[in-house]
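Note sheet for the following structure.
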Amino acid sequence: MRPSRVSPTALIRFALLCAALSSCASRPGTPALKTLKLGVLVPRSGFLAPYAAAFVDGILCREEMDTGRLAAKGLDVELVFFDTKSDLDRTVAGCGGLIGDEGVIAILGPLDSKSTAAAIKVSEVAGVPIVPLWATKDDLTKGTSSTFRVVLRNADTGRLLAKFGAENLRAKKAAVIYDDVRAEFKDGFVKSFGELTSGEVRAYRYPLDAASCDDISGLAPDVVFVIFADAINNRSQIKAVISELEDRGVTAAYLGDTDWSAVDPAELAGSIRSEVYYLSHFSPDAYDEGSRKFSEAFERLYGKKPDGMAALGFEAASLVYGAIADEPAIPDATRLAKALRGRDYTGLLGRIKMGANGDAEKSAVIMRIGGGESGYVTTIKPEAFKLDEFKEKLGTAATSGPKKDPLAVMRLDDRGIGEEECAIISELVASALARTGRFQVIETSQRDKIFQEVEFSLSGLSDEATRLEVGKLLNARHMLSGSVGSIAGKSVLNVRLIAMESGATLNALYKIYPGLSALIDDCENFTYELISAAIAGE
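So for the sequence shown, the numbering used here puts the first residue at 1; every next one is plus one.
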């Protein structure tokens, strides 16, 4: 079975090729481009074909957006398609044909985890890089040397949704409803939510019985993560679960995985009254330069906006195209595999870092379903990315010291925003300081215990004097103190960094935000600005 080179833009490319050849013919001495073949192993027919089409659109969009870097190196990339017809045996045969008959340098595809597990038995032996497009099973790349993916693993999806629930929705209690096929999503969510909140999270296997529904109702969760295998075909069950819990008085926000991005939001929402969010690999409304250019090019080509699947096709192709362009010499499959492992490049939502295991660490977007509409909410970054960015801003002075200075973060004073909100912002600032590696942030429980004792014995002192005394009792070298307030419909964050030995203010900073959400989103940048000048002056 030999691969096909037919693509949706074949005629256009043929016309452009003819024009290019004519131009070259008129200029004797123009060097011919060396062609590298890139296989595309996807179902163009069969039950998976409708989903594969979006990925192919993204791949072809990346080809059309080529910046000329390859041509400058005397290279051209030819896409060679093989239709797996949604059949496992054809997938394996196609992988062998692309490698053995066509001599491709890498393969984009297959689509799903099962097909990928079969195909990599061929590609790994040959040492040809393969980039599956929608294969999310956690251990798929384990023990491989030539398998890479830009799609999030199941556990990573769970972790990012837990991060959104804990940090953006401020959830303290969560329920997870899952089936056995989606256990990896559940495991990632449960572990991460527990680490982020120290709150309670309970998991329930689907289908739910009456006892489970009663238990969820008694838990009164802030968020409920609903994950079934194939959300596209199980959306009626998802709606039924949410409706059942709503009828039992569960007033939670409901979370869904990346499969929900292929579901019509209006159909899924229906009569659901609660807020519903799902994670996606892309949104045209994510405000990033890369996503804007991709969206514009995609709409010019296809007359529609790209979705998460198209974005994954684009990013998979970008991974390979970029690695080829960056190689000093013309790569073969072995050199390309080495170049792909550990590659750090810019995707549609910012940074994508390929790990040593071949899996990508990357950001994702949160979409909201409500009133029959789907809308972009925010972009969720991996914690490691935020830490890297923060360290870069701080510079080497923040992390190179031989020891960490003890720093006490006092709970910020509430100036009209609410005690709970004020406590959360205090913790966000404390967490940001701890992640810099520059300070040893003193444990909150230890601080509060002594603070209560000191307030009792030093009740005649002012609040600031009390706080200074607490800082000394905690053996802190620095103290962070301030307030969060609301005025004229705006939110104000006002913080000082104080030297405990002298009582002098090392730096002070205040910012005014259009609302509390913007203030929370800026907490890490605010913290950096506050302490960077003080660190630089030491």
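Ideal Cβ positions, reconstructed from N, Cα and C, are used throughout, including at glycine.
Taking 8 Å as the cut-off, the Cβ atoms of Leu41 and Ala93 do not count as close. Counting only unbroken stretches of 4 or more residues, the alpha helix (DSSP H) elements lying wholly within the region 194 to 246 are 210 to 219, in sequence order. If the five residues before and after Val122 are omitted, its C-beta is found closer than 8 Å to the C-beta atoms of Val92, Cys95, Gly96 and Ile99, all from its own chain and listed in chain order.
Rounded to the nearest whole angstrom, the CA to CA distance from Ala32 to Leu60 is 23 Å.
The three-state reading of DSSP puts Lys37 in strand, counting E and B together. Tyr376 sits away from Ser243, with the two beta carbons spaced by 8 Å or more.
Within the same chain, Cβ atoms closer than 6 Å to the Cβ of Glu124 are found at Thr144 and Ser146, the five residues on either side in sequence being excluded. Within the same chain, Cβ atoms closer than 6 Å to the Cβ of Gly39 are found at Val80, Leu98, Val104 and Ile107, the five residues on either side in sequence being excluded.
Across the structure, Val150 and Ala311 are spaced so that their CA atoms are roughly 10 Å apart. Using a Cβ distance threshold of 8 Å, Tyr278 and Ser261 count as a contacting pair. Within the region 144 to 183, the beta strand (DSSP E) runs of at least 3 residues that lie entirely inside it are, in chain order, 173 to 178.
In the three-state reduction of the DSSP assignment, Ala434 falls in the helix class, which pools H, G and I. Less than 8 Å separates the beta-carbon of Leu319 from that of Leu340.
Burial check for Ala504: the Cβ neighbour count within 10 Å stays below 16, so the residue is exposed. Under the DSSP assignment, Asp76 falls outside any alpha helix (DSSP H), being part of the beta strand (DSSP E) whose first and last residues are Leu75 to Asp83.
Taking 8 Å as the cut-off, the Cβ atoms of Leu407 and Leu433 count as close.
Assignment of Val429 by DSSP, reduced to helix, strand and coil, places it in the helix class. Around the CB of Ser236, fewer than 16 other CB atoms lie within 10 Å, so the residue is classed as exposed. Counting only unbroken stretches of 4 or more residues, the alpha helix (DSSP H) elements lying wholly within the region 274 to 305 are 289 to 302, in sequence order. Per DSSP, the beta-bridge partners of Leu255 are Phe225 and Tyr277.
Within the region 108 to 139, there are no complete beta strand (DSSP E) runs of at least 3 residues. DSSP places Ile352 within a strand segment (E or B) once states are collapsed to three. Distance between Thr116 and Thr136, taken at the CA atoms: about 10 Å. The residues Gly416 and Ile417, in chain order, have a CB closer than 6 Å to that of Ser486 in the same chain once the five nearest residues on each side in sequence are set aside.
Listed as beta-bridge partners of Ala360 by DSSP are Met354.
Distances from the alpha-carbon of Glu63 to those of Lys73, Glu78 and Ala52 put Glu78 closest. In this structure, DSSP gives Asn475 a state outside helix and strand, which the three-state scheme calls coil. Val484 sits away from Leu497, with the two beta carbons spaced by 8 Å or more. With respect to the 8 Å criterion, Gly199 and Lys173 are classified as neighbours on the basis of their beta carbons. Around the beta carbon of Thr35, a 10 Å sphere encloses fewer than 16 other beta carbons of the protein chains shown; the residue is thus reported as exposed. Beta-carbon to beta-carbon, Arg69 and Ala325 are separated by about 4 Å, close enough to satisfy the 8 Å threshold.
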